[in-house]
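Below is one structure, written out as structure tokens; comments come after it.
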Amino acid sequence: MNTDFNHFSAADFLSNDDFIANQLNPNSDTAKNWQAWLNTTPPNVSEWNHAVYLLESIQLGLYNYSSNILSDEAILSLLQRIQQTNNEKQDHKVIIPLRPWKWIAAAVLLIFGALFLVRLLTKNEAKTYYSLRVTDTDKKHVERINNTGTSQMILLPDSSIVELAPGSKLAFNPDFNKADRIVYLAGEATFEVKKRSGRPFLVYANELVTRVLGTKFIVRAYDTEKKVLVDVLSGRVSVFREEADQTNQLGTDKNTGGLLLLPNQQAVFSLISEELKKGLVEQPVIITESKQTRPQFEYESEPIANVLRDLEKSYGISIRFNEDMLKGCELSASLTKESFDEKLEVICKTINAEYQKFDGQIIINAGGCN
């Protein structure tokens, strides 16, 4: 197995062929490989166990539970895979009459699969967060829907700019920018907000509220996904969960348990566990505007501590390390073309260290020079 499974979620495991094949029809090699991975005590072993339990639930026809984690399409795909595996097993076996209870179990699986397929094909559109606040209310909204295959640029009444991704919807009140600046999003959009003193800009998306005065950020909140993402590109953004008892008091939400995000930081809100966590965007970018003050990332016998400070300054990401342990450590390398993560990997390899991302910052573990 060449895949790095250490960051897989339960849903990721259930879409991976190696995992599914080993669970449905293991052999000595696959079982040995997976056991070797588990013996390394991976950080996401709970996700692996959860995936095993979900797959067993689907095999038993317990779709109500698994549908909280997986889409209907994913469940149907797994059902088809289970049936395919069962057929392959039968092709390699001598036909022996099944005992009565095994016939019943096989029939139950077949019936549940058929019923689930019918439900998938005939289900009505469920009430979504967006529809409950926009289309299913008596209040009038101005709505923009992107049914094209490319992003659409939208200019709001306050001169803020929204880049609406394909398949996404945006709505706001007709009196936007007069009483408040509130928008509702279903899908994904990049916001470049015009600063208005004393008048915050709020984005409501799948139970998460993003509050800013003037900045640029991305919100991803599709109805088919189980999480909401907020990526900050510039400025500062406040992100918090919409309180149920504050739904009808828009703009007055209590910032309880919220997060303050800086550039290159990301908020992830799980609609299942209702947890709101801070992290880093997938691909951090340099935020230093002036090229004159931006490090060149060309080093010749440069102290490692200075190199790490260059990264902090350029990307705006806090990097924590033990400076005493790195005394005497130097770097001679060109890091002009490497990404943020690639730069960190080169540095850590030089000082025999590892790094981890935690709460929107970088932690350098151990390390030192020979």
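The numbering of the sequence shown is the numbering used here, which starts it at -18 and goes up by one. Beta carbons: idealized from backbone N, C-alpha and C, even for Gly. Keep in mind the model is a prediction, meaning the values are calculated, not measured.
- In the structure shown, K120 adopts coil according to DSSP, grouped into three states.
- Apart from sequence neighbours up to five positions away, the residues of its chain that approach M134 with a beta-carbon distance below 7 Å are I142, E144, ordered along the chain.
- In this structure, DSSP gives V262 a state outside helix and strand, which the three-state scheme calls coil.
- Taking C-alpha positions only, Q264 is separated from E256 by approximately 23 Å.
- Where E326 is concerned, the enclosing alpha helix (DSSP H) starts and stops at 321 to 331.
- Remark: C-beta atoms of Y165 and E223 do not approach each other more closely than 8 Å.
- The continuous beta strand (DSSP E) containing L151 extends over residues 150 to 153.
- Cβ contact annotation for E311 (same chain, cutoff 7 Å, sequence separation greater than five): S282, E283, P284, I285, in chain order.
- Between A334 and I343 the beta-carbon gap is near 11 Å, outside 8 Å, which marks them as no contact.
- Comparing C-alpha distances from N25 to each of D119, A2, A(-8), I56 shows the shortest one belongs to A(-8).
- A distance below 7 Å between beta-carbons, with the five flanking residues on each side excluded, links W29 to the following residues of its chain, in chain order: F(-6).
- Collapsing the DSSP output to three states places R62 in a helix.
- The residue from L19, N6, E206 with its alpha-carbon nearest to that of R62 is N6.
- The beta carbon of S(-10) sits closer than 6 Å to those of E28, all from its chain and outside the five residues before and after it, given in chain order.
- Judged by DSSP in its simplified three-state form, E54 adopts helix.
- A direct Cα-Cα distance of roughly 35 Å separates V262 from K13.
- In the three-state reduction of the DSSP assignment, V174 falls in the coil class.
- In this structure, L183 and T191 form a Cβ contact; the two beta carbons are roughly 7 Å apart against a cut-off of 8 Å.
- Selection S215, K259, T205, K318 evaluated against S149 yields T205 as nearest (Cα-Cα).
- If you compare the alpha carbons of L19, M306, I1 with that of Q64, the shortest gap goes to I1.
- Per DSSP, the continuous alpha helix (DSSP H) segment holding R290 begins and ends at 285 to 296.
- Per DSSP, Q4 lies in no beta strand (DSSP E); the unbroken alpha helix (DSSP H) holding it starts and ends at -2 to 5.
- Scanning I56, I126, S178 for the CA closest to the CA of G168 turns up I126.
- E188 is positioned such that its CB atom lies no closer than 8 Å to that of Y111.
- Looking only at E326, Y280, D291, the smallest Cα-Cα distance to I267 is reached by D291.
- For V115 and D156, the gap between their C-alpha atoms comes out near 15 Å.
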